[in-house]
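Note sheet for the following structure.
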Amino acid sequence: MSDLFQDYSEAAGRTGAYDEMFAPGQKARQSYGQVAGALRELSLADVSARADSMARTFLDRGVTFDFAGEERPFPLDIVPRVIPASEWDVLERGVAQRVRALEAFLNDVYDKMTVVSDGVIPRQLITTSAHFHRAVHGFEPAGGVRVHISGIDVVRDAAGTFRVLEDNVRVPSGVSYVLENRRAMAKGLPEAFGQQLIRPVEEYPRRLLSALRKTAPSGVDDPTVVVLTPGVFNSAYFEHTLLAGLMGVELVEGRDLICRGNRVYMRTTAGEQRVDVIYKRIDDDFLDPLQFRSDSMLGCPGLVNAARAGGVTIANAVGNGVADDKLVYSYVPDLIRYYLGEEPVIANVDTFRLEEKEAREHVLDRLDELVVKPVDGSGGKGLVIGPDASHDELEALRKRIIADPRGWIAQPVLQLSTVPTLSGDKFGPRHVDLRPFAVNDGDDVWVLPGGLTRVALKEGSLIVNSSQGGGSKDTWVLAGSPQVPVERLPRPSVTVRERVSVWPVESNWRDRQSEQQQQQISDAQEVPANA
Amino acid sequence: MLSRIAESLFWIGRYVERADGTARILDVHLERLNHLPTDERRSVARELLGVMGARPQSEDFGLEELLHALAYDKHSATSIAGSLGAARENARRARETVSSGLWESLNTTYYGLNQHRKDVVGTYRFCHWVLERTAMVSGLADTTVSHDDSWLFLALGRSLERADMTARMLSTRDVLSAGMSWVNMLRCAGAYESFLRTRRAAFGDQHAAEFLLLDRLFPRSIVYALRDADDCLAKLDPSAQRVGFINDARRIVGQARTFLEFHRTDDLMSELPEHMERVQKAVAQASDAISRKYFNQADELAWVGEVS
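Residue numbers (our numbering), protein chains in the order written: chain A, 3 to 533; chain B, -1 to 306.
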């Protein structure tokens, strides 16, 4: 191993976390064999030059996120995160299972609420969730799906066990970096791809489009799908353009849409054109000023009514946020048992519900040891890590918890697993999480092999959000056997016209020439024989 | 296609062409400005700015201010940097529609804007770099975007702006006090060699002006650019085949073109500044008509009365 990894094991050992690449004792795990081999051949200068080149490519290609009004390239580290087939199998089953349970839960929540009458979850918990929308109560979404796209965040604890950290079934973002990271890595570290089979990710846009089309309102033969973005100032704007571009559909803003007679249309140069499926990348609250925030300019008035009347499919469905509520999260293992009759494949992180008096008192005594999170937060906002917080911060937090116990959950501080990450002139252990993405077309939940590995670039930090200085890694899922059958989706049938050759092509002409010459040669050869 | 995206594409075409035209004009005029005495230099700088459609921001307007206003000012739609920034911003908003080649070349150009010396000598290099970049952007637009509506809007913006820029180029000769040689004028448009080959060096001023105004085969001549614009409009709106035009933009562009083509060259030359002004006005009107017809946007608060 080149000196790039000098002292690595020692540093990794100090964190007390599970290291994805090295087993204790400086030995690369089997799944990392090819990556370790490729890096061993490189000098520090090589690695830095490649990392620089990858960053420059991202800037030129505009693979950026918006940070306080400034476009920044999303940092991509050169060491991938590798997941062996056997581990992926567990994750894949676990994620799909969770999506099926959440889909059933949302259907129930906006309908009969049997989950409440059967005593699995308290009614008040649901009705007090900030994202529970009465506006959509009692209607079946067009196409029958609520969770079309989900991102289930998982982490690996110190013992090496995967656990679900949170569910994102509103507007999960980050899949564009999965696609771009793979492109960049294929050029940045081609040696590491080598002999091993890494499962491809580029199928995602086709799967997504196919699921969106499949869930269109009934009676539409050739549905028109659009992606709805809040606009160029949104931090995930790059992702919106990429997904629309790769699906070959329009990227619309609210002002491009018109609702009339419970149908949705977009303004085009050829007049108004009907829209059947909207992949929305706007929070519910901004979607429709008639239903939600009346001051919002981002959505389109009438969208919710159109969806309610079955005139348009909105993905993900309005009101899904109730499943993202972190207090609901603590019930998901029960929901899996209740709706599916199965045991959860992936466990939750242990979670204290601060509404329960005993748990609250226990947590208030140990605030300095725990992570406390707001139940409706995302992007790491409002999260307090006990061991890192000052006395004043903890006191302020204590008051807020007592004032609003429904608003918070607490979890033990998890030592997220680490992966070697380039920092200055060597590799250091940095904590990572993983967001696998799943696409649900109503019949089948497909999990994109891999997902987004986010990495906390600051030494020792556990916060991986890009808005707080996080980066990412390409995530490689190794295929179980070299002969993995390539999954094929039925593509829309396209009539291919028979190619008619108008001009004789050159090679053809040469063939004829040589054919003739050969003829002459064999003729000539025959002459002496006859003589 | 979406009206908003069509509008972005139209403006990508206009802004890229504007950066190209401004770089050409600045490049040629800088050479002459440098040779002038200080006082005259100031007045010519002001007038040149006026021809480009802007007004000096301060009393103290000299060469340095001119460079800023025409080359480096990122906040002005008249300057090269401003135009390229605006083109890139439009492409960012239409990113799922333009090809990645087109987007990346505009994005890379945008990031390259800061890497040039801002003095007179540096500006020459800057102008040439801009000509290379805009040629590349145009080439990628032509070869990597399907020639469907999206490309037609881009090409429409480009040809209208080109007619406008050549008109401004021709205006500089008569508006600026110290008249400029026709050789330089032809160089501005990149037309010198083409002109020599066409007219075999037996030429006077009149022929040069005629070439830039009326030549049917030289792509930067006004008549050529207007015909290009008309072609794009015709393809965008194939309904008017037999009789008449209901498309205002086509009428305006067609009138401007035929007005030039059917005038005597002598008459055009004797009132060149007026005619060039007319071309610029026609471009502005056509641009407005195109906006009205194709880029129809919701008003800021378009409520459709349908309350549940």
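The beta-carbon is built from N, C-alpha and C at its ideal position, and this holds for glycine as well. Since the model is a prediction, treat every value here as computed from it, not as a measurement.
Excluding the 5 residues flanking residue i on each side, which residues of the same chain have their C-beta closer than 6 Å to its C-beta?
i	result
THR477(A)	ARG83, GLY452, GLY453, THR455
LEU65(B)	THR121
ALA132(A)	ASP378
ASP25(B)	CYS125
GLU371(A)	GLY388
PHE354(A)	ALA361, VAL365, ALA412
Could you pull the DSSP bridge partners for residue i from this structure?
i	result
GLU73(A)	ASP68(A)
LEU138(B)	Beta-bridge pairing links LEU138(B) to no other residue.
HIS433(A)	THR420(A)
ARG269(A)	GLU274(A)
PHE60(A)	Paired residues: none, contrary to the question.
THR95(B)	Answer by DSSP bridge pairing: none, since THR95(B) is not bridged.
PHE164(A)	ARG158(A)
Please confirm whether residue i and residue j have their CB atoms less than 7 Å apart.
i	j	result
VAL147(A)	ASN442(A)	yes
LEU300(A)	PRO219(A)	no
ASN294(B)	SER6(B)	no
LEU230(A)	ILE151(A)	no
ASN264(A)	ALA319(A)	no
LEU82(B)	LEU138(B)	no
THR243(A)	ARG86(B)	no
LEU104(A)	VAL166(A)	no
LEU61(B)	ALA43(B)	yes
ARG339(A)	THR130(A)	no
ASP155(A)	GLU168(A)	yes
VAL151(B)	ALA4(B)	It should be noted that the sequence gives Phe, not Val, for residue 151(B). Yes, the Cβ-Cβ distance between PHE151(B) and ALA4(B) is below 7 Å.
ALA67(B)	LEU46(B)	no
VAL277(B)	ALA206(B)	no
ALA481(A)	VAL97(A)	no
ALA186(A)	LEU108(A)	no
PHE69(A)	PHE76(A)	no
ASP286(A)	PRO225(A)	no
LEU385(A)	LYS401(A)	no
GLU252(A)	VAL228(A)	yes
Within 10 Å of its beta-carbon, does residue i have 16 or more other beta-carbons around it, so buried, or fewer, so exposed?
i	result
GLU241(A)	buried
LEU427(A)	According to the sequence as given, residue 427(A) is Asp; it is not Leu. Exposed, since its Cβ has fewer than 16 Cβ neighbours within 10 Å.
PRO389(A)	exposed
ARG123(B)	exposed
GLU269(B)	exposed
LYS328(A)	buried
ASP9(A)	exposed
ARG437(A)	buried
TYR179(A)	buried
ALA51(A)	exposed
Mind checking which residues open and close the beta strand (DSSP E) that includes residue i?
i	result
GLN413(A)	410 to 414
ARG295(A)	First-last for ARG295(A): undefined, no H or E at that position.
ARG198(B)	Neither: ARG198(B) is in no beta strand (DSSP E) and is coded neither H nor E.
GLN275(A)	273 to 277
MET299(A)	MET299(A) -> no beta strand (DSSP E), and no H or E assigned at all.
PHE195(A)	Careful: PHE195(A) lies outside any beta strand (DSSP E), inside the alpha helix (DSSP H) at 192 to 195.
ALA317(A)	315 to 317
ALA238(A)	Here ALA238(A) belongs to no beta strand (DSSP E), and DSSP marks it neither H nor E.
Could you check where the alpha helix (DSSP H) with residue i kicks off and where it finishes?
i	result
MET183(B)	180 to 186
LEU450(A)	Note, LEU450(A): premise wrong, no alpha helix (DSSP H); not H, not E.
ARG208(A)	206 to 216
ASP91(A)	87 to 111
ARG172(A)	ARG172(A) -> no alpha helix (DSSP H), and no H or E assigned at all.
LEU366(A)	359 to 367
ASP287(A)	Careful: ASP287(A) lies outside any alpha helix (DSSP H) and carries neither H nor E.
VAL373(A)	Per DSSP, VAL373(A) belongs to no alpha helix (DSSP H); it is in the beta strand (DSSP E), 372 to 376.
Can you name, in chain order, every residue of its own chain whose Cβ lies under 8 Å from the Cβ of residue i, other than the five neighbours on each side?
i	result
THR420(A)	ALA14, THR17, ALA19, TYR20, ASP21, GLU22, PRO431, ARG432, HIS433, VAL434
PRO335(A)	PRO346, ALA349, ASN350
ALA84(B)	TRP9, TYR13, ALA75
ALA188(A)	PHE195
Hey, is residue i close to the ligand FMN, as in C-beta under 6 Å from one of its heavy atoms?
i	result
THR353(A)	You won't find the ligand FMN in this model; it holds no ligand whatsoever.
Identify the contact partners of residue i in chain C, using a Cβ-Cβ distance below 8 Å as the criterion.
i	result
ASP62(A)	Note that chain C does not occur in the displayed structure, where the protein chains are A and B.
Among the residues of its own chain, which have a CB less than 7 Å from the CB of residue i, if the five just before and after it don't count?
i	result
VAL281(B)	LEU158, ALA161, ASP162
ALA213(A)	HIS150, VAL441, ASN442, ASP443
ASN32(B)	VAL118
LEU369(A)	GLY388, LEU396, LEU399, ARG400
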